[in-house]
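J.: Under UniProt numbering, the sequence shown has 51 at position 51, and the numbering climbs by one with no breaks. The C-beta atom is built at its ideal place from N, Cα and C for all residues, glycine as well. Fair warning: this is a prediction, and the values are worked out from it, not measured in the lab. Before I ask anything, here is the structure I am working with.
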Amino acid sequence: MSDLSAKVDELQSKATDMEDMKGTLSEMRQELNLLKRRHKADVERQKESKQQEDNVVDDLATKMKTLSAEGEKFKAALHALSNMQRALAKEIGTLKDEDKTTTMKINELQKSSQYLETLTNSLGATDSTLQRELDAVKDTMNDIATKLNKLHAHLDKPSTPDRLTPAIVKLKRNQGALATALESMSDKVSSLVARMPFMEKEVRSTNQKVSNEAVFAQELQGKLKVLYKNVVELKKAIHQLEDPRSAINMQRSKGVMKLKSDVSMLAQVDKTLQNELKDQKVQFLEDVANLVRDVAKVQLQAQNLQDKLSLVLTASRQFESEIAVLKKAQKSGMSVVEVAQMQKQVVVALTRLKTRETILMKQLDKYRESVRDIAEKVRL
């Protein structure tokens, strides 16, 4: 009987343990609910993180669009620069054509100047010829006057008619020839005198043209100097544009390289972020799926545990009722055989209860391990 009482006390203590297990299960349910709330908060944080990542991706997309727009502006600037180079080349070609035209005009002016110089020299030679002819006429007139004076002096001397006759005849001939010569010289002088105003006008006009051409040539030479200076500056500018080592091209190359580097870096960052987001999304979905499966598994284990706990409680109540019947039988004075049978039933019930308790404890350990795994996953 003492053994039976000990077993009853043990069963009562186990029943107390079962009550404690109920409390533990209640605490575990609370812990599970807390884990669910934490999981929900983690999901919300994941959503916020996803939103932040989406915002970062949107910012990167905006920056990519901005860089693309800057690239288009840079292409437009390069196109404008190319058009400017073509315009400069065309302008240089035009300047070369104008230079050729100006050179031709200068050659024509030089020819005109040479012609005017030749004409001036010719007019000067003609003027010299006329001057010599006038001097010759003056000399002839002086000679004639001298001869006339001699003739008058000779006539004033007394002479015989015989001596005077040949001299007079010769004088008459000389006078006729002289008159003819004087008439011819008078015509030439009249012609020269008539031509002198025209020749003077031509000389003045020629001198004015030569002076105007000289002024024009001087102005043209100044314009050509300015034009040549501009052509030299344009050649320098074009050389700087064509030289890849010039400051402009070096700065432009640095800008292009920096732009390409920024675009490449942003593209790499975008690609990395896309891959990371994709990997994180896949991993997150896998983790969520695993977590859902684990939670479902834990819920199923909890349900099984509750069912088994109910069976244990039922067995415990049945065992208590059997103990009560056994105590009642002892009080009513049952036979030893009946008491032994009832003790055997109690032992069998106790064995079943221990077996179910062992199974329940194993299930409880698995449940706690599953809860810890879920907590670890949620914490990660």
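1. Helix, strand or coil, according to DSSP, for P244 in the structure here?
2. Within 8 angstroms (strictly less), CB to CB, does S261 reach chain D?
3. With a threshold of 7 angstroms, establish whether the CB of K229 neighbours any heavy atom of the ligand MN.
4. Should P161 go down as buried or exposed, given a rule of 16 or more other Cβ atoms within 10 Å for buried?
5. So, for S205: in the same chain, excluding its five sequence neighbours on each side, which residues have a beta-carbon less than 8 angstroms away from its beta-carbon?
6. Would you report the Cα separation of S159 and D135, rounded to the nearest angstrom?
7. For M104 and K225, what's the separation of their Cα atoms in angstroms?
8. Which residue wins for smallest C-alpha separation from D262, given the options K65, R132 and R38?
9. In angstroms, rounded to a whole number, what distance separates the CA positions of E48 and L259?
10. Only counting the same chain, and skipping five residues up and downstream in sequence, which positions put a Cβ closer than 8 angstroms to that of D243?
11. Nearest by alpha-carbon distance to V231: which of T118, H79, T94 and R86 is it?
T.: Judging by the given coordinates:
1. As a working note, residue 244 is residue 244 in the sequence shown. Correct three-state label for P244: coil.
2. No chain D is present in this structure, which holds just one protein chain.
3. Of the ligands one can find in the structure shown there are none, so the ligand MN has no counterpart to examine.
4. Position 161 of the sequence shown, counted from the first residue, corresponds to residue 161. Bear in mind that the predicted position of P161 carries a pLDDT of just 48, short of 50, making it unreliable; the figure below should be weighed with that in mind. Exposed, since its Cβ has fewer than 16 Cβ neighbours within 10 Å.
5. For the purposes of this step, residue 205 is taken as residue 205 along the sequence shown, with counting starting at 1. Closer than 8 angstroms at the Cβ level, and outside the excluded window around S205, lies no residue.
6. Position 159 of the sequence shown, counted from the start, is the residue given in the question as residue 159. Position 135 of the sequence shown, counted from the start, is the residue given in the question as residue 135. Residue placement at S159 is flagged as unreliable, the pLDDT there being 49, under the threshold of 50; a coordinate-derived value is accordingly withheld.
7. Your numbering for residue 104 matches position 104 in the sequence shown. Your numbering for residue 225 matches position 225 in the sequence shown. Going by the C-alpha atoms only, they are around 16 angstroms apart.
8. Indexing the sequence shown from 1 puts residue 262 at position 262. Per the Cα distances, K65.
9. What you label residue 48 is simply residue 48 of the sequence shown in a count that begins at 1. What you label residue 259 is simply residue 259 of the sequence shown in a count that begins at 1. Roughly 33 angstroms separates the two Cα atoms.
10. Residue numbering aside, residue 243 sits at position 243 when the sequence shown is read from its first letter. Closer than 8 angstroms at the Cβ level, and outside the excluded window around D243, lie N249.
11. Working through the sequence shown from its first residue, we reach residue 231 at position 231. The option with the nearest alpha carbon to V231 is T94.
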